[in-house]
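J.: So for the sequence shown, the working numbering puts the first residue at 6; every next one is plus one. Where a beta carbon is used, it is the ideal one built from N, C-alpha and C, also for glycine. Keep in mind it's a predicted model, so treat the numbers as computed, not measured.
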Amino acid sequence: MQQILDEQAALYWQNPGELVMADVNESVNVRAESNEESERVGKLYKDCGAYIIEYTDSWTKVQSGDVCGWVKNDYLLFGDDAKALYDDVVTLRATVTGQTLRVRETPSVDAPCLGMVADGDVFEALYEEDGWVAIDFEGADGFISGEYVSTEYFIDYGETMAAIEAREKAEKEAAEKAAAKAAAAKAAAAAKEAGRHQQYGAYAAEAADVTLLGALIQCEAGNQSYEGQVAVGAVVMNRVRSAAYPSTIYGVIYASGQFTPAGSGKVDRTIAAGVKPQCLQAAQAALDGYSNVGSATHFRRSGNHDGIVIGAHVFW
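#1: Just checking my contact of E143 with G227 at CB under 8 angstroms: how many whole Å lie between their CB atoms?
#2: What residues in its chain sit with their C-beta under 8 angstroms from that of A1, if we drop five residues either side in the sequence?
#3: Anyone know if the C-beta pair for Y153 and T216 falls short of 8 angstroms?
#4: Residues in the same chain with beta-carbon distance under 7 angstroms from K88, minus the five sequence neighbours each way, listed in chain order, please.
#5: Could you say if the region 70-82 and the region 129-138 meet the contact criterion of at least three C-beta pairs nearer than 8 angstroms?
#6: Quick check on the burial criterion: 16 or more other C-beta atoms within 10 angstroms. Buried or exposed for E42?
#7: Smallest Cα separation from Q229: which of S252, R246, A209, I315?
#8: What separation, rounded to the nearest whole angstrom, lies between the Cα atoms of R246 and G312?
#9: DSSP has F304 in a bridge; who is on the other side?
#10: Looking at C-alpha atoms only, which residue of L90, H318, A168, P21 is the closest neighbour of R45?
#11: Name the two residues that bound the continuous alpha helix (DSSP H) containing V240.
#12: Below 8 angstroms, how does it come out for the region 48-55 and the region 175-194: are there three or more Cβ pairs, yes or no?
#13: Using the rule of at least 16 other Cβ atoms within 10 Å of the residue's Cβ for burial, across every protein chain shown, is C118 buried or exposed?
#14: Would you tell me roughly how many angstroms separate the C-alpha atoms of E181 and Y208, rounded to the nearest one?
#15: What residues in its chain sit with their C-beta under 6 angstroms from that of F159, if we drop five residues either side in the sequence?
#16: Can you tell me the Cα-Cα spacing of D93 and S63, whole angstroms?
#17: Kindly indicate which three-state DSSP category C284 falls into: helix, strand or coil?
#18: Pick out whichever of E164, A171, E211, M166 has its Cα sitting closest to the Cα of A188.
#19: Taking D126 as the reference, give the member of S269, D273, S261 with the closest Cα.
#20: CA-CA distance, M26 and G262?
#21: Could you tell me which of S113, E31, A317, S296 sits nearest to R305, measuring between CA atoms?
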């Protein structure tokens, strides 16, 4: 009897509610039934998490965000392997619940103020100390009162086919509008400045692209060096050039679960308030095709991942 109990305990990772992680380079299909001919109901992407509903030897039914369906076991990590990947990719997010809060240099009401945050703003939380929450504020450590903040651990979840289709449609429409506007601007410039030599970079950008990328750079690395700001812009452009990501700057920045300031609305507010000139300069350098981080497509706070360290960030 004890042997049976021990064997059952050893197979805990098959139980409903246990964590699984996607074991893919890009994505894996989630299907309505446990066979490869079944309808696709969604996708799990690299580093996405899910929870077991039903386990079989070949397929597992999972819930990942709004996606519920079957995934082939060959493309999932279970048990200790799933937990190890979860620990590597999970982030602690802090959501502001007070109307307006001051961000302090140290955990004290007497410390200098780095800036202000608003109700609903979301940040990567670094740790908690004496009733304060340390956050990544424009690339620097900042502290906000824990009394007006809620924290939760976050990993990416899957996407339903309906959500994918809606996102791809919006990206296509945005790309078509951008292309038409760029073509019109180019024609107007050519007519107005006939004969004038122009040198284009690797990406034919509009002012809106420069502003959007500059705003993201300011949100992610506003307090970093110019080199660190260019590196953030280069990560975005490396994703634009990669087949694994959307092919537009807008699509990359606003992709689900990728850049916290974009999802929380902070990027839009930064654009409305005006982007810092140095951040716009860094954006233009990245749009011109310059990268000081090679082909890196990710970055996070330095100290917990191998890669190219520039200031407070590591790029890989």
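T.: On the basis of the coordinates in this document:
#1: 3 angstroms
#2: There is no way to answer for residue 1, as the model of the chain reaches only from 6 to 321.
#3: no
#4: L24
#5: no
#6: exposed
#7: I315
#8: 20 angstroms
#9: F320
#10: A168
#11: 231-246
#12: no
#13: exposed
#14: 15 angstroms
#15: T96, R98
#16: 26 angstroms
#17: helix
#18: E211
#19: S269
#20: 16 angstroms
#21: A317
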